[in-house]
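Engineer: Each number in the working numbering comes from the position in the sequence shown (counting from 1) with 1162 added on.
Cβ coordinates follow ideal geometry from the N, Cα and C atoms, glycine included.
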Amino acid sequence: MDKLKAYGLPLDSRSSWTKSDWEMWTAALARNNTNFFKISNLVWNYVNKTPSRVPLSDWYFSDGQGAMTGFRARSVVGGHWMKVYVDKMLNGDIGSAIAPIQAQEEQSIPDSMLDGWYNLSGQRVGAPSQKGIYIRNGKKVAY
């Protein structure tokens, strides 16, 4: 924890810039809540105490003024919810956090697609004339 700056944990030693979503993922993986709050409170400080007033920039400098570097209101800030997910996973309550993915039954390939070449849109093509991925006998083939 000795690498922490005023507004977070730098991504690496080349610069003090960081990303809030990365910090929240890192904090969520901490072994205890003390370390979680050491990191996550610095993200809170960036959001609430720096002069950058844009819709939550996730890329900023972790020292000095906490100036934003770029990016605004991107979907990666969904990573700020990682702690909720991790806690639910550890408590065995993952079903209520994110619906489990259900495997679908394998569908049989129609006999009509077992001969000839098809593109990835399922359109029958002659023999491939250019490099790409094709379907032949119901399997993907790199040509």
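On the DSSP letters alone, give me the boundaries of the alpha helix (DSSP H) that M1247 sits inside.
Structural biologist: Just to set this straight, residue 1247 is Tyr in the shown sequence, not Met. 1244-1252 is the extent of the alpha helix (DSSP H) around Y1247.
Engineer: Determine the closest residue to P1213 out of D1174, Y1169, I1297, with distance taken between C-alpha atoms.
Structural biologist: Cα-wise, what sits closest to P1213 is Y1169.
Engineer: For Q1285, which of helix, strand or coil comes out of DSSP?
Structural biologist: Three-state DSSP puts Q1285 in coil, outside helix and strand.
Engineer: In angstroms with no decimal places, state the Cα-to-Cα distance between K1211 and A1190.
Structural biologist: Using only the alpha carbons, I get a separation of about 22 Å.
Engineer: Comparing C-alpha positions only, which one of N1194, G1278, N1203, N1281 sits nearest to D1249?
Structural biologist: D1249 has its Cα closest to that of N1194, out of N1194, G1278, N1203, N1281.
Engineer: Taking 7 Å as the line, does the beta carbon of S1283 fall inside it for any heavy atom of the ligand SAH?
Structural biologist: Because no ligand of any kind appears in the structure shown, any question about the ligand SAH cannot be addressed here.
Engineer: Grouping DSSP H, G and I as helix and E and B as strand, with all else coil, what is V1216?
Structural biologist: If DSSP states are grouped into helix, strand and coil, V1216 belongs with coil.
Engineer: To the nearest whole angstrom, what separates the beta carbons of F1223 and S1291, a pair I think is in contact under 8 Å?
Structural biologist: Actually they are not in contact, since the Cβ atoms of F1223 and S1291 sit about 52 Å apart, beyond 8 Å.
Engineer: Kindly indicate the opening and closing residues of the beta strand (DSSP E) around V1303.
Structural biologist: Unbroken beta strand (DSSP E) run through V1303: 1301-1304.
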